[in-house]
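This report refers to the structure that appears directly beneath it.
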Amino acid sequence: MKNLIRLQDLSVKEINDILDTAQDIIDHKNNDKLDNKIVANLFFEPSTRTHYSFNTAEHKLNCKVLNFAPESSSMNKGETFYDTIKVFESFGVDALVIRHKKDFWYKELLGKIDIPIINAGDGKMDHPTQTLLDLLTIKQEFKTLKGLKVLICGDIAHSRVAHSNYECMTKMGMEVYFSAPKNLQDPQYQYVDFDEYLPKVDVVNMLRIQNERLEEGLNVQSNYNEQFGLNSKRVSSMKNNAIIIHPAPFNRNVEINDDVVECKHSRIFRQIQNGVFIRMAVLLRSLK
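Numbered per my numbering, the sequence shown spans residues 217 to 504.
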């Protein structure tokens with residue numbers, strides 16, 4: 217049984233193996249299937265890209281798919297998170313894909329659930345499949361990861377993508393820098409000037425302002441675009457071969473302007489495509 221909880225728990229080789237499997241799927245060099253395996257997607261907070269790319273990945277692998285809807289479940293009668301997960305294990309499903317707003321939700325499950333658990337996002341902490349699809353997108357562009365410079369900009373404090381990417385990218389030999397307004401900084405990191413570092417990096421990783429996680433009354437959007445928004449003028453200062461990534465959804469004309477979303481440097485929709493192939497590779501790793 218192979219869980220995917222945190223990329224920090226995987227070796228560099230294991231991470232590269234997942235990336236290679238995903239690329240082999242893209243190149244039609246891996247046609248493995250998971251015929252009749254049953255996968256339950258349990259998303260306890262809203263999701264489009266992660267949830268439905270897992271759905272798509274599961275269908276492409278010939279899995280049978282269960283999609284859990286917490287709003288119409290027995291959780292409204294007081295059933296706990298743990299008991300809900302145990303119910304799906306009891307049904308005889310083969311794997312669980314779980315997202316929850318609580319940090320480290322998986323701690324109450326490990327050692328008590330005997331089927332693979334795949335972390336589709338936990339609170340502000342980790343988002344392993346997003347990081348993997350980011351790495352795949354970057355590797356497709358530069359053929360390597362080691363030595364590349366990445367600037368992560370935006371709502372660092374509330375972003376599981378920022379935390380997950382930093383941990384994994386540094387492990388893979390990349391140089392990672394952060395830029396953010398003071399009220400959106402995580403104090404464990406050091407910060408650089410956005411405009412100063414844009415011309416120096418290979419990858420610009422923009423992040424969404426997570427309004428749903430902000431403290432009540434905290435409004436950072438009024439001058440955010442002027443100070444930290446990625447617009448065409450800023451893009452013109454980037455290296456010719458530098459790329460822009462964003463986990464999405466994006467606040468258009470806040471952290472990224474309309475004319476940048478699909479500009480020649482942007483790989484945002486390529487990332488979304490790659491998300492399906494990464495999640496296929498992750499499912500094969502857990503269930504093959």
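Note that beta-carbon positions come from the ideal geometry of N, C-alpha and C, so glycine has one too.
Quick caveat: nothing in here was measured; it's all calculated off a predicted structure.
- Around the beta carbon of K328, fewer than 16 other beta carbons sit within 10 angstroms, so the residue counts as exposed.
- Sequence-distant Cβ neighbours of M388 in its own chain, meaning closer than 8 Å and more than five residues away, are V228, I231, L351, L361 and K362.
- Beta-bridge analysis with DSSP links K280 to I254.
- DSSP lists C369 as the bridge partner or partners of M422.
- Within its own chain, the residues whose Cβ lies closer than 7 Å to the Cβ of D319, once the five positions on either side in sequence are excluded, are D338, G339, K340 and M341, listed in chain order.
- Contact between Y393 and Q401 does not hold, since their C-beta atoms are separated by about 13 Å, which reaches or exceeds 8 Å.
- DSSP places F304 outside any beta strand (DSSP E); the residue lies instead in the alpha helix (DSSP H), whose first and last residues are F297 to F307.
- Across the structure, I333 and L349 are spaced so that their CA atoms are roughly 18 Å apart.
- Within the DSSP bridge table, the entry for E274 names no partner.
- Residue range P344 to F358 is occupied by the alpha helix (DSSP H) that includes E357, with no beta strand (DSSP E) assigned at that position.
- DSSP places G491 in the uninterrupted alpha helix (DSSP H) bounded by I484 to L503.
- R265 is positioned such that its CB atom lies no closer than 8 Å to that of A497.
- Distance from V255 to L500 at the Cβ level is roughly 12 Å; contact not present, criterion being Cβ atoms closer than 8 Å.
- The residue among K449, C384, D475 and I425 with its C-alpha nearest the C-alpha of L414 is K449.
- Residue burial is scored here from C-beta neighbours: L250 has at least 16 other C-beta atoms within 10 angstroms and is therefore classed as buried.
- A direct Cα-to-Cα measurement between F270 and D299 gives close to 23 Å.
- Taking a cut-off of 8 Å on C-beta distances, the region 280-295 does not touch the region 362-373, as fewer than three cross pairs fall below it.
- In this structure, Q487 is the residue among Q443, Q487, E295 and D240 with its C-alpha nearest to the C-alpha of T353.
- For F358 and T272, the gap between their C-alpha atoms comes out near 27 Å.
- The C-alpha of P397 lies about 36 Å from the C-alpha of D236.
- For T347 against S395, the beta-carbon gap comes to about 19 Å, at or over 8 Å, which does not count as contact.
- Of the candidates S452, V281 and G491, V281 places its Cα closest to the Cα of V309.
- Taken through DSSP and simplified to helix, strand or coil, A378 comes out as helix.
- Excluding sequence positions up to five before and after I221, its CB lies within less than 7 Å of the CB of Y322, I333 and N335, all in the same chain and listed in chain order.
- A check of alpha carbon separations from H343 across V313, Q356 and E324 identifies V313 as the nearest.
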